[in-house]
Every structure is written in C-alpha cells, then in structure tokens.
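In our numbering, the protein residues as written are -16 to 546. Even glycine gets a Cβ: it sits at the ideal position worked out from N, Cα and C. Read through the structure below, which is laid out as structure tokens, and then see the notes.
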Amino acid sequence: MRLSRLFAPTTKEAPKDAVLPSHIFLVRGGFIAQIGSGIYNYLPLGKMVLDRIRSVVKEELDAVGNQEVLLGFVTPSELWKESGRYDKFGKELLRFKDRKNNEFVLGPTHEEAMVDLVRNRVKSYKQLPLNLYQINTKFRDEARPRYGLLRGREFIMKDGYSFHESVEDMQREYALMEKTYGRILDRLGLRYRVVEADSGAIGGSGSKEFMVLADNGEDDIVICEGCDYAANIEAAKRAPREVDASDVEMTPGSFHTPGVRTIEELASFFRISPDFLVKAVAKKAIYPDHEEVVLFFLRGSDTLQETKAATACGALELAEASKEALEEAGLVPGYIGPDVQGVQKYVDLELKEQAPMICGDNKPDSHYVGYSFKGKAFDYRDLVTVEAGDRCHRCGGRLTVTKGIEVGHIFQLGTRYSEALQATFLDRNGKAQPFVMGTYGIGVSRLVAVVVEQHHDERGCIWTEETTPFEVMIILSNAKDDTQREYGETLYAQLREKGKRVLLDDRNERFGFKMSDFELFGFPRAVIVGKGLKEGKVELVDRGTLQKEEVSADAVASRLMES
RNA sequence: CGGAGUGUAGCGCAGCCUGGUUAGCGCACCUGGUUUGGGACCAGGGGGUCGAAGGUUCGAAUCCUUUCACUCCGACCA
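Laid out in structure tokens, this is it:
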C-alpha cells in the first residue's frame, strides 16, 4: 500500500472529549471515527487491526474444534420472552418493531438465539459436545457510552456457546476455553490476569474474567502477592480480618447516644476502633415486580460490596434508599441494629459469633453496647469489599487492588437457558435432558483499544506483531529525490513479493511530518530512505524504542525478512 | 435516569451578555513558487441553510419558546 493512496486522515489535534490514549491515538491516527454516541466507523487501518485480532481469535478457536456461525443481529423478541430476559435486561436492550408491528431486539448477546439454533436440530448425546461461536456486532444501549472503543454501544464480540451432556464435560470445555483464551491474549501481546468473577445477570455457577492490566481500566481487581489468586472486586474473597477483642470490655445495655449516627461519630464517641461497631447499610432493592428496603450489616471498618449484596437478596439491582423510604419501613436512620424486625436483612459472614459489639438500638438516640452475635441465627453472607492490605483466603499473602479492563469472560452456564427454552437431547438412557451449557465471550473491538491502552507512548500507538496493520513502513525522506524514490520503490516491490505487509510513504511531505505520522500509526518498524543513500546506507527505526540503526541499503531487505 | 454544559467551515475555537452592512481566527484543503532529516515559507484561493423548527423585531448567530444531537459528573454497565 502507498500512503499517498491510503485513506488514513491523521490529525494533529485530538477530539476534545478524548481522554484515554487509545481513544486519542486511534482517532488521531485515522483508525476510527465516531459517527454517533458510542458508535464508531472503522477506517482502513482500524479495520485491518480488527481483522487481525479477529483472525487470531478464529485460528485459536478453530484449532480446538469450535465452529464459527453467524447469527442474525436482529432477534425476534419472542425468544427473549421465552427465556424471561425480555423484562430483566432493562433499557440496555434496544427494542423496536417492524412494519408488521412484530417486536425485535438488537442482540446484546445471543444465548437465546444460539439455543434456538441448536434445539430440535441436535437431538442425541451422540452429537455432543458442540461448541459454536460467532464474531458479530452487538448492541447495548449503554446509559453513558465513553472512552472511545472501550465502552461503545455498538461493538464487536466473539461469543461462543457450548452444549454438553454432563456438567463434567462442560467443565472440561470450560477449562479448555480458559487455556485457549490465554493463548489468544498471549499472541496479541497483552499482559493479563485471569480472575474469578461474579456471574451477574447472565446466571450460572462458575465464571472467570480475562483482565488486561491497564491504569485506565474500569474494573478493580484483587491480586494476591503470595499465590495466583486473583478476582474481580465484585467476587473477591479474603481471609477474615483478625480482630483482637481480648482487652475490650463492655457491659451489655442500651446507651444514650444523641446525634451520633455515623460510624466515625460512633467510633470517636466510644473511643473505640470501628472494628467493634456494626454498620447497617440500607439499600432499595429493585425486583422485576416491586421494590423494597433491604438491610446489610457489616463491621464498621468494612465497606459493602454492592454486587455481593445484590446477589444475596436476589435483586436486579440496588439503589440508594431514601430517608423517607427507611422511615416508611419503620426504621430509624442512624440507629438501625441487627435485631430490627419486619425488613429483609443480611449479615456479613465475618460478624458471625463476634462479640462484644456496638450496634444500633432501633430507637432514636440509642445504641446497644455489648451486643453478641454468638448463637444468633441470621442470614450470613459474604458482603464485604476486599481492600488492599487484606489477607488472601488461600495462602494468607497480602492482597493488592489494581485496575483492569475486561476483555474476556467465560461462564459455566448450566441448564438455565436450555431449560427455559426447552432445548433437550436424548441421553444414553433415551431420556430427554436439557443441554448443559457454557458460554464464552471476547470483546474483539474492545481489544483494538486495549492493545493501544497497553502499548503506546506519548507519540502514538505501538502495535504488536500480531495486531499491526503493516509490518514495515518505508519512509522516503524526500519523495522528489529520484534516487530515493527508485530505491524505495524497488524495496517496496521486493518486500511485497515476499509477502511482507509494507506501506510506502511516497507523499511529498517534509521529513518531520512523515516521522510523526509513522510514530502516530505505530507500525513496529520503518526504513528511512534519506541522505545516507548516497553512501549506500539506510536507517532502520524501531517504533518501540525509537532507536535508529544504520544498515547497508543492500542488506535491509533480508534484515526485514528476519523480523 | 439525575445534575451541568456545548452545538458557528473537515478539526479546534472567537463572536452571543449589550441584535445592525460582507460572520471571523488557527490548523487542514486547492493553485503557483521556494523548500525537503523532525509537523516549513511566500503569494493567491475555495469552503458556512451559525444544529432544527417556531416566535419577537424594521433587522436575529446574538433575545424568547420548543425540539434534536453531542459531551462532562454521577447512577448504571455479561
């Protein structure tokens, strides 16, 4: 390709709302362009990167026996009603009607569609296992799209679904997918961690996320310094915090505490560590058909993890509970204690058997001192947010918290969808059984941004070998110089003949301009054809290090074929 | 979905408060020339329904109403 012919409009200025390097450089380098909120066009360079990532994904999946299909992007709402997700998915699901008034959705994920494809077509255990995937456009009407390709509304995802006759076989495939996803990310040149995850709305038992480590990540992940434990903060566990209660003495009873409502106020009022206080967190739990106030009790020094809390009470989501809602539920804000009646409540596991504690007394201006959880039958759940410095529940090592970007997610799905959609097969005994399923996703378009997020400098992108649109760029320092031009053309033809993906910058521009574009594009290396050519020399530039190396003009072609 | 902003040339912005001839600036673009190892210079040039609709007015980019889009903070987010 000649740069003079390539549609790659580079700019000096970034769009004013672009903050992340990936967003800035992809737009400035002419890889992508926004067409609507959270919707992007791919220009030739962006499309090349996308295709390279897509083919790495495809190669690795096909190598382990997965089969590619392509499902309709538009899905009849009927299927979503059948699975029960039509109501649950919320506003993210874009719904619309056709001319005949039939309802459709733009697929945000395709469990329903894939199960529908397989049901009544796969009828026997002899046809299992089966792992089908697609690489397709998805649409989620995100409340607030941002960060360029990282959180768009329209995006491209690889989503795979496997069908099995048993949980054991599904788990075998799940493990295989974990390995395969690792290989894909390795090939793309990304540093990542596999972390334990919350299964979320999609349902199912085990799930793991593939997190690319990046400062600008939206997810918090907990990593153990001592072993290989890693988890999304939403699912992270820790060893119970050690609390030394040996020299804490309390005489049980109510205590007048006017105006003391928060944990901080309470701690200074009693001159005691928040470890011995019981924090009551009230939330408005939103269910498909109603809303109600739910209480969560945890140690004063801990923070509620909302995802864990939502899972505990089975709510679709949790929202802030207003003071009025609390009072309506018969609660006394600021003075709520675990023995309160008439409200759904959960207590953190680490409070089990704890004593003595100070908690709300469920009446104004009063706390109860010397409270004991010993023998109390609450609904104990893991509710705390793990923090940096906590101890690993496996090895006791120190836990740290870092930022990551989710690029892959694998689920042990079970029979949730096959049952809902009545997708069954005949087992070895001739009995109808729902398929045991797994589901596996990779954010393909997100990976385009993620590669840049992890590989860039202040001048632009630095593509990895597997992701770069071109392996080498030939820069003619002065395109009007016949000697340079002839040499460059010959080298260009030579490399192309040998199958190299090469871009020739034949534009009549100044040297600095071309170098800046090269750095912005971020191809791994360039040959600079310039003044040294008279002495039979050209230069080889490495984009990563920006180091230049003088090479004999005759030898550069063979040098490039090595890399 | 709450709160706050912004829509003027491809991009970034000024002009609006205080209405008044032909709506400006930088970058980009086109032509000619000089340049050619780090985003050059000179000269000339093209490009705008001022987001849209309605209203006030002799007169609206500017004031008013409605509407649409985009952005930011938050909530939300397999």
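Under 8 Å between C-beta atoms of Asp322 and Thr240: With respect to the 8 Å criterion, Asp322 and Thr240 are not classified as neighbours on the basis of their beta carbons.
Proximity of Thr58 and Phe87 at Cβ, strictly below 8 Å: Taking 8 Å as the Cβ cut-off, Thr58 and Phe87 qualify as a contacting pair.
Simplified DSSP state of Val101, which is helix, strand or coil: Correct three-state label for Val101: helix.
With 16 other Cβ atoms within 10 Å as the buried cut-off, status of Phe146: Per the 10 Å Cβ criterion, buried.
Every unbroken beta strand (DSSP E) inside the region 300 to 376 [3 residues or more]: For the region 300 to 376, whole beta strand (DSSP E) runs of length 3 or above, ordered along the chain, are 300 to 303, 327 to 331, 340 to 343 and 349 to 354.
Close beta carbons around Tyr116, own chain, < 8 Å, minus the five adjacent residues each side: So the qualifying residues of the chain are Leu44, Asn49, Gln50, Glu51, Val52, Lys141, Asp142, Gly143, Tyr144 and Tyr423.
Coil, strand or helix - Gly90 by DSSP: Gly90 falls in the coil class under three-state DSSP.
Assumed close pair Ile388, Val195 - CB separation to whole angstroms, cut-off 8 Å: Rounded, the Cβ-Cβ distance is 5 Å, consistent with contact.
Gln437 classed as buried or exposed, judged by whether at least 16 other C-beta atoms fall within 10 angstroms: By the beta-carbon neighbour count (other beta carbons within 10 angstroms, threshold 16), Gln437 is buried.
Distance between beta carbons of Thr163 and Ile139, contact taken as under 8 Å: The beta-carbon distance between Ile139 and Thr163, rounded to whole angstroms, is 19 Å. This is too long to meet the 8 Å contact definition.
Whether Ser535 touches Lys520 by CB criterion (8 Å): When the beta-carbon positions are compared, Ser535 and Lys520 come within less than 8 Å of each other.
Terminal residues of the alpha helix (DSSP H) in which Arg155 lies: Going by DSSP, Arg155 is part of the alpha helix (DSSP H) stretching over Val150 to Leu171.
Proximal residues to Ala250 (C-beta, below 6 Å), its chain only, five neighbours per side dropped: Hits under 6 Å: Pro257.
Enclosing alpha helix (DSSP H) for Glu42 [first to last residue]: In the DSSP assignment, Glu42 falls within the alpha helix (DSSP H) that extends over Pro27 to Ala46.
C-alpha distance - Asp34 paired with Glu492, whole-angstrom precision: Their Cα atoms are separated by approximately 30 Å.
Candidates Lys262, Val47, Leu89 and Leu459: closest to Met340 by CA position: Minimum Cα-Cα distance from Met340 among the listed residues Lys262, Val47, Leu89 and Leu459 corresponds to Lys262.
Distance between beta carbons of Ala462 and Asp556, contact taken as under 8 Å: Residue numbering for the chain in the displayed model covers -16 to 546; residue 556 lies beyond these limits and cannot be assessed.
Where Asp489 sits in the DSSP three-state scheme: If DSSP states are grouped into helix, strand and coil, Asp489 belongs with coil.
Runs of beta strand (DSSP E) lying entirely within the region 455 to 482, each at least 3 residues, in chain order: List check, beta strand (DSSP E) in window: 455 to 459.
Per-residue DSSP class, three states only, for Val226: In this structure, Val226 counts as coil in the three-state DSSP scheme.
Cβ distance (whole Å) where Lys266 is taken to contact Phe279 below 8 Å: Indeed they touch by this definition, with Cβ atoms about 7 Å apart.
Burial state of Tyr270 (16 or more Cβ within 10 Å): Residue environment analysis places Tyr270 among the exposed positions, since fewer than 16 neighbouring C-beta atoms fall within 10 angstroms of its C-beta.
Endpoints, the alpha helix (DSSP H) within which Ile246 is located: In the DSSP assignment, Ile246 falls within the alpha helix (DSSP H) that extends over Ile246 to Phe253.
Three-pair Cβ contact test at 8 Å for the region 95 to 108 versus the region 291 to 309: Cβ pair count under 8 Å is below three, so no.
Start-to-end residues for the beta strand (DSSP E) that takes in Gln117: Leu113 to Phe122 is the span of the beta strand (DSSP E), which, as asked, contains Gln117.
Simplified DSSP state of Pro128, which is helix, strand or coil: The answer is coil: DSSP assigns Pro128 none of H, G, I, E or B.
Coarse secondary structure for Gly515, derived from DSSP in three states: Note: Gly515 maps to helix in three-state DSSP.
Gly353 beta carbon less than 8 Å from that of Gly320: Cβ atoms of Gly320 and Gly353: not closer than 8 Å.
Reduced DSSP category for Tyr108 - H, G, I as helix; E, B as strand; rest coil: Here DSSP, grouped into helix, strand and coil, assigns Tyr108 to helix.
Burial state of Ala180 (16 or more Cβ within 10 Å): Burial is judged here by how many other beta carbons sit within 10 angstroms of a residue's own beta carbon; Ala180 has at least 16 and is buried.
For Pro4, the three-state DSSP class (helix, strand or coil): Collapsing the DSSP output to three states places Pro4 in a helix.
Residues near Gly67 in its chain [Cβ-Cβ closer than 7 Å; skip 5 each side]: Setting aside the 5 residues that flank it on each side, Gly67 is surrounded in the same chain by Ala403, each with a C-beta closer than 7 Å to its C-beta; the list follows chain order.
Cβ neighbours of Phe(-10) in the same chain (closer than 7 Å, five flanking residues each side left out): Answer for Phe(-10): Leu26 and Pro27, listed in chain order.
Burial state of Asn114 (16 or more Cβ within 10 Å): Its Cβ being crowded by 16 or more others within 10 Å, Asn114 is buried.
Residues of its chain near Val384, where Cβ-Cβ distance is below 8 Å and the 5 sequence neighbours each way are ignored: Taking C-beta separations shorter than 8 Å and ignoring five residues to either side along the sequence, the partners of Val384 in its chain run Asp203, Ile204, Val205, Ile206, Ile216, Val369, Glu370 and Ala371, following chain order.
Residue from Asn24, Gly358, Val512 and Val98 whose Cα sits closest to the Cα of Asp465: The residue among Asn24, Gly358, Val512 and Val98 with its C-alpha nearest the C-alpha of Asp465 is Val512.
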